Amino acid sequence: MNKTLAIGLLALVVALGVFVYVADPLSYMGTEASTCANCHVMDAVYENWYHAPHEKVTECVDCHLPHDNVVNYWFQKGMTGMHDVVYFSAGLTPALIRAKPEAQAIIQANCIRCHKETVETIIMGAQPFERKCWDCHRSVAHGQRGISLGTYQDSIIYPVK
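Residue numbers for the sequence shown, in our numbering: 5 to 165.
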């Protein structure tokens with residue numbers, strides 16, 4: 005084997021090893037909300053969720069990923085993760101993070117999935133069907149907006165579960 009090729013392969017193995025050690029990519033296959041807050045741009049969203057009522061019963065994936073079938077779940081998890089990595093790494097993350105229309109449809113379906121009995125009672129009334137659950141229940145999932153002014157997550161105050 006060529007000495008240059010061997011050094012190149014060794015450098016690649018070392019670089020990949022460092023990446024796996026530092027980035028802990030397998031943690032992103034789990035469901036822990038603290039993993040979603042690894043990027044500092046999610047600190048305020050994580051903090052708001054941590055102080056909101058849903059923190060006791062949900063993780064990010066419960067609302068933000070589809071639960072209709074396992075293939076769709078993992079496909080969306082991969083697509084969302086890659087979108088987040090590209091935007092964060094390239095410095096394209098907007099100041100105000102908002103769910104895309106496709107994500108809004110997933111979140112709405114999950115609200116209905118978890119609160120089916122309540123929703124059935126509501127939609128039998130005079131509510132317009134184009135409204136989203138968060139139009140009225142704005143602070144339920146992520147608490148009141150604007151709680152976090154800091155750009156870091158304090159793991160002493162917000163311990164990893």
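All C-beta atoms, glycine included, are put in the ideal place defined by N, C-alpha and C. Quick caveat: nothing in here was measured; it's all calculated off a predicted structure.
With a 10 Å radius around its C-beta and 16 neighbouring C-beta atoms as the bar for buried, classify residue 8 as buried or exposed.
-> exposed
For residue 13 and residue 118, the rounded distance between their alpha carbons | 49 Å
Cβ-based neighbour list, residue 6, same chain, cut-off 6 Å, excluding 5 preceding and 5 following | none
Please classify residue 40: is it buried, with 16 or more other beta-carbons within 10 angstroms of its beta-carbon, or exposed?
-> buried
Going by C-alpha distance, which of 31, 15, 84 and 114 is nearest residue 170?
-> A question about residue 170 goes unanswered here, because the residues of the chain that appear run from 5 up to 165.
How about the region 80 to 94 and the region 137 to 148: do they share at least three Cβ pairs that are nearer than 8 Å?
-> no
Selection from 74, 135 and 91 that minimises the alpha carbon distance to residue 116 | 135
In three-state terms, what does DSSP make of residue 117?
-> helix
For residue 68 versus residue 110, is the C-beta distance shorter than 8 Å?
-> yes
Could you check the C-alpha separation between residue 58 and residue 108 for me, to the nearest Å?
-> 17 Å
For residue 145, which of 66, 56 and 51 has the nearest alpha-carbon?
-> 56
Compute the distance between the beta-carbons of residue 63 and residue 97, then report whether it is under 8 Å.
-> no
Whose CA, out of 91, 95, 121 and 71, lies closest to the CA of residue 113?
-> 71
Sequence-distant residues of the same chain with beta carbon closer than 7 Å to residue 66, five excluded per side | 114
Could you check where the alpha helix (DSSP H) with residue 9 kicks off and where it finishes?
-> 7 to 27
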